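Numbering (the working numbering), first residue to last: 837 to 1183. Using N, Cα and C, we set each Cβ at its ideal position, and we do this for glycine too. Computed from a predicted structure; not experimentally measured.
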Amino acid sequence: MKRCVILGTGLIGQQFVRLLDTHPYFELTEVVASDKSEGKSLKSKWNLPSFEIPDMFANLQMSSLRNLAPNSYDIVFSALPASIAKEIELEIAQNGKPVFSNASAHRYEPNVPILIPEINAKHLEIITHQDSFNNNGFIVTNSNCTVSGLAMLLNEIRQVQQIKNVYVSSYQALSGAGFEGLKSIPRDRVIPFIENEEEKISIEVRKILGSVNHDRIVNNTEIDEVLATCARVPVIDGHLEAVTIEFKTKIDPTAILDHLEHIRSDLSLPTAPSKPIKLFKDLDRPQSTLDLYDKTGGRSSGMVVSISPIRFTKYHLRCFLLVHNTIRGGAGGSILNAELAYSRGFL
């Protein structure tokens, strides 16, 4: 068992707590909060929608970063805001600890992977080119929450047909803006702007679908355009995305559908679903309140990407996609990344 600490007690931090309960690889030993919360019980902070705090962590006393003992943990799960994550995560890695981060602070560095194990497990190798790796420390990031589902679909489609352009409109849940979003964003409107979101989608898709070239990740250049439009909608959890994919040659719909129907994961990791993409037959699905969780998925519940019935033209594919933004696109994605690193002998 690897002892782990969570940095941050916001919405993603609390998802980390829930998902690490009785984990077979990782033992949660500390949760780091602000100085004013030091010594308080974790249950005094708990406000995660739809989930109660696990009993074994309810009375866990929160720590502060300044009092975090280096010998008390083996790995770090970071749920820090990007504005403060960069220096803190780098310092922890340089001190010899692996960091699995939900923050965007290090995502765009060429030797830091944006990891989605079903797509680009090979990118994990790039951590050996981080300066901190000589001291056994490194940083691995997960993707932007919207990208996590979109990249999985695009990766499968490109196995069958060459993609020219991607157009996506996202309808993003309030929880994507954290607890502040849940508290302050009105429930009676759609807000047609999310700061920096459109740029992140284009950049991250290209890096995730890219390749390793010695000491860096080289972005994918096969796709000409990835154009995104993002809105915040009054839904608690779940990012819905309207996706249009334009192809360079005429489509073979049967080949695409057959490939998507037969996707299976060979990861055999606790948080990895055996069938990571689910196709629906009903025209009005997927829906966030109905389809975010796989009731038989156990630890992988919330990690499946759901796809509506797909519509085709000669050169286009259109569908809706649903991804759980705080699980697959958040804490669950980071934990799966750590499981992959554990299985590959990096921890």
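*Spell out the partners DSSP gives Val-1079 in its beta bridges.*
Locating residue 1079 in the sequence shown gives position 243, counting from the first residue. BP columns for Val-1079 point to Val-1004 and Cys-1155.
_At the level of alpha carbons, what is the spacing between Ile-950 and Glu-1175?_
Here the question's residue 950 lines up with position 114 in the sequence shown. Here the question's residue 1175 lines up with position 339 in the sequence shown. C-alpha separation (whole angstroms): 15 Å.
*Thinking C-beta only, is Pro-1089 closer than 8 Å to Ile-1099?*
Numbered from 1 along the sequence shown, position 263 holds the residue referred to as residue 1099. Numbered from 1 along the sequence shown, position 253 holds the residue referred to as residue 1089. Cβ distance not < 8 Å, so Ile-1099 and Pro-1089 don't count as in contact.
*When DSSP builds the beta bridges, which residues end up paired with Glu-1061?*
Counting from 1 along the sequence shown, the entry for residue 1061 is found at position 225. For Glu-1061, which the question treats as bridged, DSSP gives the partners Asn-1001.
*Could you tell me the distance, in whole angstroms, from the CA atom of Ser-1170 to the CA atom of Asn-938?*
Numbered from 1 along the sequence shown, position 334 holds the residue referred to as residue 1170. Numbered from 1 along the sequence shown, position 102 holds the residue referred to as residue 938. About 7 Å.
*Give the straight-line distance between the Cα atoms of Ala-1177 and Lys-876, rounded to the nearest whole angstrom.*
As a first step, residue 1177 is located in the sequence shown; it is residue number 341 there, counting from the start. As a first step, residue 876 is located in the sequence shown; it is residue number 40 there, counting from the start. Rounded to whole angstroms, Ala-1177 to Lys-876 spans 32 Å at the Cα level.
*Any idea what DSSP makes of Lys-933, helix, strand or coil?*
On the sequence shown, position 97 is the one that residue 933 refers to. The answer is coil: DSSP assigns Lys-933 none of H, G, I, E or B.
*How many whole angstroms separate the CB atoms of Ile-1030 and Cys-1066, which I take to be in contact at a CB cut-off of 8 Å?*
Indexing the sequence shown from 1 puts residue 1030 at position 194. Indexing the sequence shown from 1 puts residue 1066 at position 230. About 5 Å separates the two Cβ atoms, so the contact holds.
*When DSSP builds the beta bridges, which residues end up paired with Ala-1067?*
For the purposes of this step, residue 1067 is taken as the residue at position 231 of the sequence shown. According to DSSP, Ala-1067 shares a beta bridge with Tyr-1007.
*Within 10 angstroms of its Cβ, does Ser-908 collect 16 or more other Cβ (buried), or is it exposed?*
Taking the first residue of the sequence shown as position 1, residue 908 is located at position 72. Under this definition Ser-908 is an exposed residue.
*Grouping DSSP H, G and I as helix and E and B as strand, with all else coil, what is Phe-862?*
Position 26 of the sequence shown, counting from 1, holds the residue named residue 862. It is a strand residue.
*Among all the DSSP beta bridges, which residues are the ones paired with Phe-1148?*
Here residue 1148 refers to the residue found at position 312 when the sequence shown is read from its first residue. BP columns for Phe-1148 point to Leu-1153.
*Cα-Cα, which of Ile-1053, Val-1026 and Thr-1080 is closest to Arg-1147?*
Residue numbering aside, residue 1147 sits at position 311 when the sequence shown is read from its first letter. The shortest Cα separation from Arg-1147 among Ile-1053, Val-1026 and Thr-1080 belongs to Thr-1080.
*Between Leu-843, Gly-844, Gln-851 and Tyr-861, which lies nearest to Gly-1181 when the distance is taken from Cα to Cα?*
By 1-based counting over the sequence shown, the position of residue 1181 is 345. Closest by alpha carbon: Tyr-861.
*Please name the residue or residues paired with Leu-1115 in a DSSP beta bridge.*
The sequence position of residue 1115 within the sequence shown is 279, counting from 1. In DSSP, Leu-1115 forms a bridge with Ile-1143.
*What separation, rounded to the nearest whole angstrom, lies between the Cα atoms of His-1152 and Val-1002?*
Your numbering for residue 1152 matches position 316 in the sequence shown. Your numbering for residue 1002 matches position 166 in the sequence shown. Each residue's alpha carbon lies about 10 Å from the other.
_Rounding to the nearest angstrom, what Cα-Cα distance links Arg-943 and Ser-979 in this structure?_
On the sequence shown, position 107 is the one that residue 943 refers to. On the sequence shown, position 143 is the one that residue 979 refers to. Whole-angstrom Cα-Cα distance: 8 Å.
*Could you tell me which of Leu-1126, Val-1140, Lys-1150 and Asp-1060 sits nearest to Ile-1087, measuring between CA atoms?*
Here residue 1087 refers to the residue found at position 251 when the sequence shown is read from its first residue. It is Lys-1150.
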